[in-house]
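Before any comments, here is the structure.
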Amino acid sequence: MDLDAIKNAVVAFVQTHHAYAPFVIALMTFGESLAFVSLLLPTMTILIGVGFVIAAADIPFWQAWLGAVAGAFLGNWLSYEIGRRYKKTAYEVWPLSRNPQLTLRGERFFERFGPWAVFLGRFFGPIRAVIALIAGIFLMPVPLFQAANMASASVWAFVILAPGAGLAHYLLW
Numbered sequence: 001m002d003l004d005a006i007k008n009a010v011v012a013f014v015q016t017h018h019a020y021a022p023f024v025i026a027l028m029t030f031g032e033s034l035a036f037v038s039l040l041l042p043t044m045t046i047l048i049g050v051g052f053v054i055a056a057a058d059i060p061f062w063q064a065w066l067g068a069v070a071g072a073f074l075g076n077w078l079s080y081e082i083g084r085r086y087k088k089t090a091y092e093v094w095p096l097s098r099n100p101q102l103t104l105r106g107e108r109f110f111e112r113f114g115p116w117a118v119f120l121g122r123f124f125g126p127i128r129a130v131i132a133l134i135a136g137i138f139l140m141p142v143p144l145f146q147a148a149n150m151a152s153a154s155v156w157a158f159v160i161l162a163p164g165a166g167l168a169h170y171l172l173w
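So the sequence shown is numbered by the UniProt record's numbering: it starts at 1 and just counts up by one.
Given below as structure tokens:
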């Protein structure tokens, strides 16, 4: 099977099931934004590729973007709530218990940038996994967290999907 046949099969599958695309993308970004899980799921590369697929399958960009925003927002929100509820006990759960340097880097990042850490942290791989959790542990006010969470989820979703969606028109046709 050649690369063109694989591309055509994937695009045909996505076109057939296009109604599920925002939900599937939301699940992917939820996992990518959820503490603990995001350390195990390397979905960033896949999400960038999803931009190409949604364009090739003629799925409206805004639908995919809304799905990505919803998943990213909810994943960070749940991580924040876990931090508020369990405080530093959350650090004792695997895989964070095996990566204490990750939580230390996240804490230093949060202490340095304060509320901006939630926005900026979403764009930095390993920190993305723990910054919302740390915001909850440090009891960042909920309205401030949610404002940073929504803003960062909106921008991040665009940044990961738009390049593929924009380039697809030049590379696939």
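Heads up, the beta-carbon is just placed ideally off N, CA and C, and yes, glycines get one too.
Source: prediction; values computed, not measured.
Let me know the secondary structure DSSP gives residue 141 once reduced to three states.
-> coil
Neighbour-count burial assignment, residue 112, 16 or more Cβ in a 10 Å radius = exposed
CB residue 75 to CB residue 29, shorter than 8 Å?
-> A contact, by the Cβ cut-off of 8 Å.
Determine the direct distance from the alpha carbon of residue 61 to that of residue 136, and round the result to whole angstroms.
-> 32 Å
Check residue 98 in the structure and name its three-state DSSP category.
-> helix
Straight-line CA distance for residue 2 to residue 16?
-> 21 Å
Pairwise C-alpha distance: residue 12 and residue 5 = 10 Å
Decide if the region 136-152 is in contact with the region 107-122; the criterion is three or more beta carbon pairs, one per stretch, under 8 Å apart.
-> yes
How far does the alpha helix (DSSP H) with residue 89 in it reach, from first residue to last?
-> Taken as a continuous stretch (DSSP letters only), residue 89 belongs to no alpha helix (DSSP H), as it is neither H nor E.
Taking the C-alpha atoms as reference points, what is the distance between residue 100 and residue 91?
-> 8 Å
Going straight from the alpha carbon of residue 72 to that of residue 143, what length do you get?
-> 17 Å
Where does residue 89 land, buried or exposed, given buried means 16+ other C-beta within 10 angstroms?
-> exposed
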